[in-house]
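Q: Using full-length UniProt numbering, the first residue of the sequence shown is number 1, and each one after it goes up by one. Pasting a structure below so you can have a look.
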Amino acid sequence: MVESPIATIAAALQRERRRAGLSLAETARRAGLRRAIVPTAVLPEAALVTGVEVLGADTLADVLNWLRGGESTLVQPGDPVPLTEPPALDLADVLGQPEARWALEVAAAGGHNVLLIGPPGTGKTMLARRLPGLLPPLTQDQALEVTAIHSVAGTLHAESPLVTTPPFIAPHHTASKAALVGGGTGMAKPGVISKAHCGVLLLDEACEFPPDRLDALREALEDGEIRLGRRDGVVTYPARFQLVLATNPCPCAPPRESDCTCTPFARRRYIARLSGPLLDRVDLRIRMRPVTAMSTLDVKPEPTAQVRERVRQARERAMARWSTEGWVTNAEVPGPYLRRKFALSRKATALLDRGLTTGAVTARGADRCLRVAWTLADLAGLDHPQADHVTAALEFRDRRAA
Ligand SMILES: [Zn+2]
1 MVESPIATIA AALQRERRRA GLSLAETARR AGLRRAIVPT AVLPEAALVT
51 GVEVLGADTL ADVLNWLRGG ESTLVQPGDP VPLTEPPALD LADVLGQPEA
101 RWALEVAAAG GHNVLLIGPP GTGKTMLARR LPGLLPPLTQ DQALEVTAIH
151 SVAGTLHAES PLVTTPPFIA PHHTASKAAL VGGGTGMAKP GVISKAHCGV
201 LLLDEACEFP PDRLDALREA LEDGEIRLGR RDGVVTYPAR FQLVLATNPC
251 PCAPPRESDC TCTPFARRRY IARLSGPLLD RVDLRIRMRP VTAMSTLDVK
301 PEPTAQVRER VRQARERAMA RWSTEGWVTN AEVPGPYLRR KFALSRKATA
351 LLDRGLTTGA VTARGADRCL RVAWTLADLA GLDHPQADHV TAALEFRDRR
401 AA
């Protein structure tokens, strides 16, 4: 349905306070309009949409004057300036933790969700903050989508509005459900899970989040979007993010685990706050140890740029393999495909099969293992995972949290 130009313009001017210029221009483009007039205040972000001419107006009188062919007072957009991102945090600043660093590289390469368990001071958050820097920059379409969400949320810079790198969002565990998944009075605003779209969502102190908040994440993890019921209908926002859960191993959380005063039951109950259905979506589980003097004395830590290059190559292999199926990363591939259409040789899965037979590995655990094995093969530049990759993938599983 193509609205009359006047209706489009009027709607645009009414929404001036909502700073949704990009969404307005995109709506006009999809409706087949050649030209859109938006409030001058949101002209810079509206001008990011290609395929539609965008002009700015301060008042409806300016628009009417222009329509009648009078001397135009409408504003032309300047050249769009990409958002100047703060310099990405570098992996070279993280000392020690070679296993966790490797796990972060695997997560970036395969798009896997991650659980980091470790006492305070092991650098869980420091590491998680460096994940976006390992991911490829957003494509043009992703950049527009992410920018549109932040535009509706009102979190864009007016002068340099385009978001070009994967967002990193880390809500506090006291965040309301509306802040987390979206909602609020009046127009439903996107929540942090949508602001993290195409980027990374870190839940630090994950076990401290109330169960209903963690449950609310599941819909987004399963569907890549969130539907918010409103009195006047349903609003859907995209919410496809990479999840990092970081937690202490127990409630008392001493720097050294040997000083823990919790009962075994209290420790188990604490981790069990992360429900099975949520953890089913987390392919990588990593135990982090306290950084000792010895472990920081090893080789100079590799910088982000070097790791990102390996991630890029691995992602290209995965994308080429799954392109006909419509997936981009290994983390998206459903279990049945990994077990049937893309089944590995019996030799490669011997250890996994034994684990399934003895009950040491669950069926879902086996699917997670296969996804990670594909990523390890991609990072090694191989066409198929070998037995070694399956074995290594099994080690990314924490029995106490599985
Ligand atoms: Zn404890």
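Cβ coordinates follow ideal geometry from the N, Cα and C atoms, glycine included.
#1: In chain order, what are the residue ranges of uninterrupted beta strand (DSSP E) at least 3 long that sit wholly in the segment 106-162?
#2: Residues around ligand 1, please: the ones whose beta-carbon is closer than 5 Å to some heavy atom of it, in chain order.
#3: Kindly list the residues whose CB is nearer than 6 Å to the CB of Gln313, restricted to its own chain and excluding five residues on each side of it in sequence; keep chain order.
#4: Please tell me whether Leu202 and Ala179 are closer than 8 Å, where the distance is taken between their beta carbons.
#5: Could you give the C-beta distance for Pro251 and Ala266, rounded to a whole number, given that I count them as a contact under 8 Å?
#6: Among Lys195, Gly133 and Pro137, which one has its Cα closest to the Cα of Leu156?
#7: Is it true that the segment 96-109 meets the segment 217-237, where meeting means three or more beta-carbon pairs spaced less than 8 Å apart?
#8: What are the uninterrupted segments assigned as alpha helix (DSSP H) that are 4 or more residues long and contained completely in the segment 199-233, given in chain order?
#9: Apart from the five residues just before and just after Ala366, which ones in its own chain have a Cβ nearer than 7 Å to its Cβ?
#10: If you follow the beta strand (DSSP E) that Leu55 is part of, which residue opens it and which one closes it?
#11: Relative to the C-alpha of Ala318, which residue among Gly69, Asp93, Pro44 and Val106 is closest?
#12: Taking the alpha-carbon of Pro198 as reference, which of Arg213, Thr185 and Leu221 has the nearest alpha-carbon?
#13: Val42 and Arg29: beta carbons closer than 8 Å?
#14: Kindly indicate which residue of Ser323, Trp327 and Asp283 has the alpha-carbon position closest to the one of Leu370.
#15: Around the C-beta of Ser275, are 16 or more other C-beta atoms found within 10 angstroms, so that it is buried, or is it exposed?
#16: Three Cβ pairs or more, each shorter than 8 Å: is that satisfied between the segment 242-250 and the segment 105-120?
#17: Which residue from Arg218, Arg231 and Glu145 puts its Cα closest to that of Leu279?
#18: Assuming Gln97 contacts Val291 under a Cβ cut-off of 8 Å, what Cβ separation, rounded to an integer in Å, is found between them?
#19: My output table needs one value for Phe396: the three-state DSSP class, helix, strand or coil.
#20: Let me make sure I understand the geometry here. Which of Thr40, Val54 and Pro39 has the alpha-carbon closest to that of Glu26?
#21: If you reduce the DSSP assignment to three classes, tell me which class Arg340 lands in.
#22: Pull up the CB-CB distance for Thr247 and Ala206, whole angstroms please, since I reckon it's below 8 Å.
#23: To the nearest angstrom, how far is it from the Cα of Thr147 to the Cα of Leu22?
#24: Hey, out of Arg68, His173 and Leu134, whose CA is closest to residue 422's CA?
#25: Phe265 by DSSP, collapsed to three states: which one?
#26: Just the C-alpha distance for Ala387 and Arg130, rounded to the nearest angstrom, thanks.
#27: Can you list, in chain order, the residues of its chain whose CB lies under 7 Å from that of Ala350, leaving out five sequence neighbours each side?
#28: Please report the straight-line C-alpha distance between Ser4 and Asp232, rounded to a whole angstrom.
#29: Taking 8 Å as the cut-off, decide whether the C-beta atoms of Ala393 and Val361 are in contact.
#30: State yes or no: is the C-beta of Leu289 within less than 8 Å of the C-beta of Gly118?
#31: Quick test of your reading: Ile286 and Leu116, contact by CB under 8 Å. State the CB separation rounded to the nearest angstrom.
#32: Using alpha carbons as the reference points, say which of Thr263, Ile149, Trp374 and Gly186 lies closest to Thr329.
#33: So, under 8 Å CB-CB, Leu228 and Gly182 are touching, yes? Tell me the CB distance rounded to an integer number of Å.
#34: Alpha carbon to alpha carbon, how far is Ala348 from Trp322? Give it in angstroms, no decimals.
#35: For Gln386, does the three-state DSSP call read helix, strand or coil?
A: Taking the coordinates as given:
#1: 114-117
#2: Cys250, Cys252, Cys260 and Cys262
#3: none
#4: no
#5: 6 Å
#6: Lys195
#7: no
#8: 211-223
#9: Leu352 and Leu356
#10: Glu53 to Ala57
#11: Val106
#12: Sequence inspection shows Cys at residue 198; the Pro mentioned does not correspond to that position. Residue Leu221 is the option with its Cα nearest to Cys198.
#13: no
#14: Asp283
#15: exposed
#16: yes
#17: Arg218
#18: 7 Å
#19: coil
#20: Val54
#21: coil
#22: 5 Å
#23: 8 Å
#24: With the chain covering only 1 through 402, there is no way to say anything about residue 422.
#25: helix
#26: 30 Å
#27: Ala387
#28: For Ser4, the predicted structure reports a pLDDT of 45, less than 50, and the residue's modelled location is therefore unreliable. The matter cannot be settled from this model.
#29: no
#30: Here the sequence assigns Arg to residue 289, which means Leu is not the residue at that position. Yes, Cβ-Cβ distance for Arg289 and Gly118 is below 8 Å.
#31: 5 Å
#32: Trp374
#33: 5 Å
#34: 20 Å
#35: coil
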